[in-house]
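**Student:** Sharing a structure here in structure tokens format.
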Amino acid sequence: MIKKPLLLLSALCISLLISPASHAGKFYKWVDSQGVTHYGENPPDTETASVVNVKTGASSDQEQAIEKLEEKRKAAETAQQAPQEESAVEKQNREIMANNCKIQRQNLAQLKANRRVKETDANGEVRYLGEDEIKKRVEEVGKYIDENCKGL
């Protein structure tokens, strides 16, 4: 009982192995009277032709090619997303800098408008800044604005 299916299976395998060779047509090569080399499936009647052995190349592995293309697509996609993510971070940083500049401009306006500026220290005690301290703060805030707030 087992011999019959095994025999059929082996016959099928052999026929599959032989079939590509049987489907490959014969190609002929010949040189005509003018010295031009010709190739064809049918040999000419007037010329002597030699049979050309045609070797089929290995079939390309389509799955590997698809995987490589998919990897390249993913790499390109991540490369595109990285600048977009960076631009979101840059946008957030610009907003923070703009807010800081707004606060510093308000501080500068307060320092210039009021002659009596009070400050609360770490202990919670309130003290008034002197003229020299106010001038120093105006210079520091102005320098910060000049360096960091251009275009904001």
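My numbering applies: residue 3 is where the sequence shown begins, and numbers increase by one. Where is the CB? At the ideal position from N, CA and C, for every residue including glycine.
(1) Would you list the residues sitting across from GLU73 in a DSSP beta bridge?
(2) Am I right that VAL54 and TYR30 are in contact with their C-beta atoms under 8 Å? What's the rounded C-beta distance?
(3) Give the secondary structure of GLU121 by DSSP, where H, G and I count as helix, E and B as strand, and everything else as coil.
(4) Would LEU10 be called buried (16 or more neighbouring beta carbons within 10 Å of its own) or exposed?
(5) Cβ atoms of ILE147 and ARG118: under 8 Å apart, would you say?
(6) Of the choices GLU121, GLY126, GLU142, whose alpha-carbon is the least far from that of GLY132?
(7) Go ahead and label VAL128 buried or exposed: buried means 16 or more other beta carbons lie within 10 angstroms of its beta carbon, across all protein chains shown.
(8) Measuring only the C-alpha atoms, how far is VAL140 from GLU87?
(9) Going by DSSP in three states, LYS6 sits in which element: helix, strand or coil?
(10) With a cut-off of 8 Å on the beta carbons, I'd call GLY144 and LEU110 a contact; round off their distance for me.
(11) Compute the Euclidean distance between the alpha carbons of THR80 and ASP63, then round it to the nearest angstrom.
(12) Give the straight-line distance between the Cα atoms of ILE16 and GLN83, rounded to the nearest whole angstrom.
(13) DSSP on GLY153, reduced to helix/strand/coil?
**Tutor:** According to the structure data:
(1) The partner list for GLU73 (beta bridge, DSSP) is empty, contrary to what the question assumes.
(2) 7 Å
(3) Note: GLU121 maps to strand in three-state DSSP.
(4) exposed
(5) no
(6) GLU121
(7) exposed
(8) 37 Å
(9) Correct three-state label for LYS6: helix.
(10) 6 Å
(11) 26 Å
(12) 53 Å
(13) coil
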